[in-house]
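There are 2 protein chains.
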Amino acid sequence: MGITIKEVAKEAGVSIATVSRVFNDSGPVNDDTRKKIMAVARKLRYTPHGGARSLIMAKTNTLGVLLPDLYGEFFSEVIRGVDQAARQAGYHVLLSSSHNKAEEIETAMKAMRGRVDGLIVMYPDIDAHILTSNLSDSMPLVLLNCDVEGNDFVSINIDNYGGAFAMVQHLIGAGHRRIAMIKGAPNNFDAAERLRGYRAAMAEGGAEWSERLERDGDFTEASGFSAAEALLDVDPRPTAIFAANDAAAIGALSAVRQRGLHVPADMAIAGFDDIPMAGYINPPLTSVHVPIHDLGGRAISRLIEALTGRGNGKGRKELLPTTLVIRDSTVGPKHVSDATIT
Amino acid sequence: MGITIKEVAKEAGVSIATVSRVFNDSGPVNDDTRKKIMAVARKLRYTPHGGARSLIMAKTNTLGVLLPDLYGEFFSEVIRGVDQAARQAGYHVLLSSSHNKAEEIETAMKAMRGRVDGLIVMYPDIDAHILTSNLSDSMPLVLLNCDVEGNDFVSINIDNYGGAFAMVQHLIGAGHRRIAMIKGAPNNFDAAERLRGYRAAMAEGGAEWSERLERDGDFTEASGFSAAEALLDVDPRPTAIFAANDAAAIGALSAVRQRGLHVPADMAIAGFDDIPMAGYINPPLTSVHVPIHDLGGRAISRLIEALTGRGNGKGRKELLPTTLVIRDSTVGPKHVSDATIT
DNA sequence: TTGTAGGCGTTATCAG
DNA sequence: CTGATAACGCCTACAA
């Protein structure tokens, strides 16, 4: 299975050392010998054995990526960002996703020893500290969306709190006082931060917060749908719904329209993530833009810095900014005219 | 960097052979010796070096996955399907995506030699035969959505033709005669098959086909939007738009509503893929359901069969069926009442 | 300019 | 039951 360097050497009538030299441009090789070796290699369809190579060079040129159970667009964008950045830098990507327990992640991390040069771990669970506590620092590591204290790790987070805060401020500024929130998955750190931002802005803005304005969700369209249905029965009815992500917001939108209500005239709706589709649904969805693609790309960059020693060592914490994208679902033409009429 | 078996052996006062035995349950080991070794291993945080292991065992327990430049939901679902199936079977996944040239794929394939036991290649380009022609059969291989003739490879395809055909039949059955199509990316095999199904059904159904009813697109919301705008200016105006995928359909939906037209009363709209969101947009989108998740999972299954010799050898071609999912965007309540009035 | 030989971390085949 | 030792495919001093 697979031609080895030895067979190429024999066929070309040279030693394996010489073959190795031409394939790595290490050391001098007579031009004729080189040509001959290349010819033989091509004929035999020889390709160096990556595994053997990385064993002796103590470098796999592979980066491990551990992801949790992620939803739709978010998942694909993170991976795409990672993959592109990695390949551009000459690295492979060993992927392992759908982990939802710290224990699973640790198992996967162990399984990757000797296969990767470094690791990117995304674990947006509120018990992330469990993970970090028994994290041997044997391997360069970048943490993504992890709830970690201190400066012991290189970590990148999204400004979920700030984004949620700004969104609620926007809604309050548009005249809303009873703003409901559809929460994200339980135990999810991102979800918790977005909720925290919502509460803070509600308090600071003097809005009419009540426990009944917060409904459980899990980032799916279905959960957004049923949460919104419940919210429509709250009395007095909220005038705006802020969903923890766009999928849930779209589910909520569906529920609100099914009741015959208009968005944003009767109910403003806002999401989080700003997926590509957000601007094309009806009405266009106001959302908090998250640089998802960047998240993956930056993680790779940081990791490679750590690998090549170009980084400023450990302790670099980074917070990626989010930005408000206001569309018709919160301040559409209808809303404006209604407001004027009232 | 990293504790080796040698250090464990020394610390435990045994030979590396014995340590190896306890970690692989190969050969007998005295119970006390085993306990001691385990204790030392734990203390030293020893984890076997995967790379070295796979070198001597001639098995990497890793599967390579080569993907093209994919869009949103499709991308994530394929990968998720692959990853889940792979891990369940005890395999790792080495991912390399965003390839859009046969040449790139071949480079990536070479780079994976010695790192993977088998390969899954998705290359939905109409020049896929270029790829297969110089495909050394050195490694088990499963082709996904590839335009390959003959039975030389294990391949899995989606019934794009059948799905498109059925969708157009549905539209014709609903009374439409001028049915437009927003095409998918040029040179894309899936797109070509969907177009072929559209044309065949138009011809067979005796609908009013014309060249102007076909517009270019590239699977994005933006392309669907502008294609639909152009279609709205065609005279006589089509009464239905069939988009090559859901993203484009959603873009088209946006354009149609922006003109003040109603869906489906003034214009029916249908998509392809049936992404999770399809049922939640407004109006719910009629689409062709594609078992994307299955696609990845099955590919892994086939590959592992080939690896373990349990498969029926090469030449297995599989066609995954698609199913019609009819929602309001083609036969909504409005459409029905309008038809009655006319 | 080229070949020999040692070793990367592991498993597997032998003797002991 | 345990310990040498030869691979696995490759790179790299060191010698020639």
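Protein chains in written order, with the numbering used here: chain H, 2 to 343; chain F, 2 to 343.
Just so you know, even glycine gets a beta-carbon here, dropped at the ideal spot from N, CA and C.
Could you tell me which whole alpha helix (DSSP H) segments of length 4 or greater appear in the region 238 to 288 of chain H?
Fully enclosed alpha helix (DSSP H) runs of 4 or longer: 247 to 259.
Contacts that G52 of chain F makes with chain H (C-beta to C-beta distance below 8 Å):
For the purposes of this step, residue 52 of chain F is taken as the residue at position 51 of the second sequence. For a Cβ distance threshold of 8 Å, residue set G52, S55, L56, T61, G115 and R116 of chain H lies close to G52 of chain F, ordered along the chain.
Cross-chain neighbours of F99 of chain H in chain F, by beta carbon under 8 Å:
Translated into positions along the first sequence, residue 99 of chain H becomes position 98. Inspection of the sequence shows that residue 99 of chain H is occupied by Ser rather than by Phe. Chain-ordered, the chain F residues with CB closer than 8 Å to the CB of S99 of chain H read R81, D84, Q85 and R88.
Residues of the region 271 to 300 of chain H with a CB closer than 7 Å to any CB of chain F: list them in chain order, please.
When CB distances to chain F are screened at a threshold of 7 Å, the residues of the region 271 to 300 of chain H falling below it are P277, M278, Y281, I282 and N283, in chain order.
For E194 of chain F, count neighbouring C-beta atoms within 10 Å of its own C-beta (all shown protein chains included) and say buried if the count is 16 or more, exposed if not.
Translated into the one-based positions of the second sequence, residue 194 of chain F becomes position 193. The residue is buried, with at least 16 neighbouring Cβ atoms inside 10 Å.
In chain H, which residues lie less than 8 Å from S224 of chain F when you measure between Cβ atoms?
Here residue 224 of chain F is taken as the residue at index 223 of the second sequence, counted from 1. Against chain H, the beta carbon of S224 of chain F has no neighbour under 8 Å; the closest one sits roughly 11 Å away.
Just the chain F side, please: which residues come within less than 8 Å of E74 of chain H by C-beta, in chain order?
Translated into positions along the first sequence, residue 74 of chain H becomes position 73. Residues of chain F passing the Cβ test: G73, E74 and S77.
Start-to-end residues for the alpha helix (DSSP H) that takes in I173 of chain F
Locating residue 173 of chain F in the second sequence gives position 172, counting from the first residue. Residues N161 to G174.
Is DSSP giving A208 of chain F helix, strand or coil here?
The residue you call residue 208 of chain F lines up with position 207 of the second sequence. The answer is coil: DSSP assigns A208 of chain F none of H, G, I, E or B.
Between K111 of chain H and chain F, is any beta-carbon pair separated by less than 8 Å?
Sequence index remark: in the first sequence, residue 111 of chain H carries index 110 (1-based). Judged by the 8 Å Cβ criterion, K111 of chain H is in contact with chain F.
Check distances from the C-beta atoms of the region 231 to 263 of chain H to those of chain F and list, in chain order, the residues that come in under 8 Å.
Under the 8 Å Cβ criterion, the region 231 to 263 of chain H contributes A248, I251, G252, L254, S255 and R258.
Quick check on G82 of chain H: does DSSP put it in helix, strand or coil?
Here residue 82 of chain H refers to the residue found at position 81 when the first sequence is read from its first residue. DSSP, reduced to helix, strand and coil, places G82 of chain H within a helical segment of the structure shown.
If we call anything under 8 Å between Cβ atoms a contact, is D84 of chain H one with S98 of chain F?
The residue you call residue 84 of chain H lines up with position 83 of the first sequence. The residue you call residue 98 of chain F lines up with position 97 of the second sequence. Here D84 of chain H is near S98 of chain F, since their CB atoms are less than 8 Å apart.
Going by DSSP, which residues form a beta bridge with N158 of chain H?
Your numbering for residue 158 of chain H matches position 157 in the first sequence. N158 of chain H pairs with H:L320.
Can you grab the Cα-Cα spacing for the pair L45 of chain H / E8 of chain H, in whole Å?
The residue given as residue 45 of chain H occupies position 44 in the first sequence. The residue given as residue 8 of chain H occupies position 7 in the first sequence. When the Cα atoms are used, L45 of chain H and E8 of chain H turn out to be separated by approximately 9 Å.
Label G51 of chain F either buried or exposed according to how many other C-beta atoms from any shown protein chain fall within 10 Å of its C-beta, with 16 as the threshold for buried.
Position 50 of the second sequence, counted from the start, is the residue given in the question as residue 51 of chain F. So G51 of chain F counts as buried.
Note down, in chain order, each residue of its chain lying with its Cβ closer than 7 Å to the Cβ of K335 of chain H, except the 5 sequence neighbours on either side.
Here the question's residue 335 of chain H lines up with position 334 in the first sequence. Because the pLDDT at K335 of chain H is just 44, under 50, the model does not fix this residue reliably, and the value given afterwards should be weighed accordingly. Closer than 7 Å at Cβ, skipping near neighbours: H263, P265 and A266.
May I ask you to report which of helix, strand or coil DSSP gives G119 of chain H?
Locating residue 119 of chain H in the first sequence gives position 118, where the first residue counts as 1. Strand, per DSSP.
Measuring alpha carbon to alpha carbon, tell me which of F:W210, F:S156 and F:I301 ends up nearest A181 of chain F.
The residue labelled residue 181 of chain F in the question sits at position 180 within the second sequence. Closest by C-alpha distance to A181 of chain F, out of F:W210, F:S156 and F:I301, is F:W210.
Alpha carbon to alpha carbon, how far is L232 of chain H from P284 of chain F?
The sequence position of residue 232 of chain H within the first sequence is 231, counting from 1. The sequence position of residue 284 of chain F within the second sequence is 283, counting from 1. Rounded to whole angstroms, L232 of chain H to P284 of chain F spans 22 Å at the Cα level.
Cα-Cα, which of H:A87, H:I293, H:Q259 and H:R216 is closest to L354 of chain H?
Outside the modelled stretch of chain H, which goes from 2 to 343, sits residue 354 of chain H, for which no answer is possible.
The region 6 to 35 of chain F: which residues have C-beta closer than 9 Å to a C-beta of chain H, in chain order?
Listed by position along the chain: nothing, the set is empty.
Is E74 of chain F buried or exposed, if buried means 16 or more other CB atoms sit within 10 Å of its CB?
On the second sequence, position 73 is the one that residue 74 of chain F refers to. By the 16-neighbour rule on beta-carbons within 10 angstroms, E74 of chain F is buried.
Is DSSP giving H93 of chain H helix, strand or coil here?
Position 92 of the first sequence, counted from the start, is the residue given in the question as residue 93 of chain H. Assignment of H93 of chain H by DSSP, reduced to helix, strand and coil, places it in the strand class.
Pairwise C-alpha distance: M268 of chain H and R344 of chain H
Only positions 2 to 343 of chain H appear in this structure, which leaves residue 344 of chain H out of reach.
Can you check DSSP and say which residues form a bridge with M58 of chain H?
Here residue 58 of chain H refers to the residue found at position 57 of the first sequence. Per DSSP, none; premise fails for M58 of chain H.
Suppose the cutoff is 8 Å on Cβ atoms and the five residues either side in sequence are ignored; what does the same chain contact list for H100 of chain H look like?
Locating residue 100 of chain H in the first sequence gives position 99, where the first residue counts as 1. Around H100 of chain H, the same chain offers L67, L68, P69, D70, I106, A109 and Y124 as residues with beta carbons nearer than 8 Å, after the five sequence neighbours per side are excluded.
So, with DSSP's three-state summary, where would you put H100 of chain H?
The sequence position of residue 100 of chain H within the first sequence is 99, counting from 1. Correct three-state label for H100 of chain H: strand.
Buried or exposed by the 16-neighbour rule on C-beta atoms within 10 Å, applied to L95 of chain H:
Walking along the first sequence from the start, residue 95 of chain H turns up at place 94. Buried: at least 16 other Cβ atoms inside 10 Å.
L96 of chain H touches chain F at which residues, Cβ-Cβ below 7 Å?
What you label residue 96 of chain H is simply residue 95 of the first sequence in a count that begins at 1. The answer, in chain order, is D84, V94 and L96.
DSSP three-state assignment for H130 of chain F, whether helix, strand or coil:
By 1-based counting over the second sequence, the position of residue 130 of chain F is 129. If DSSP states are grouped into helix, strand and coil, H130 of chain F belongs with the helices.
Residues near I301 of chain F by beta carbon distance below 6 Å, same chain, minus five either side:
Against the second sequence, residue 301 of chain F aligns to sequence position 300. Cβ within range, chain order: V83, A86 and A87.
Using DSSP's beta-bridge definition, name the partner residues of E8 of chain H.
Here residue 8 of chain H is taken as the residue at index 7 of the first sequence, counted from 1. In DSSP, E8 of chain H forms no bridge with anything.
Got a sec, what are the start and stop residues for the alpha helix (DSSP H) V20 of chain H sits in?
As a working note, residue 20 of chain H is residue 19 in the first sequence. Unbroken alpha helix (DSSP H) run through V20 of chain H: I17 to N25.
Keeping to the same chain, check which residues put their C-beta closer than 6 Å to that of V143 of chain H; ignore five residues upstream and five downstream.
For the purposes of this step, residue 143 of chain H is taken as residue 142 along the first sequence, with counting starting at 1. Taken in chain order, the residues that qualify are I121, V155, A300, R303 and L304.
Min CB distance S330 of chain H to chain F below 8 Å
For the purposes of this step, residue 330 of chain H is identified with residue 329 of the first sequence, where counting begins at 1. Closer than 8 Å: no.
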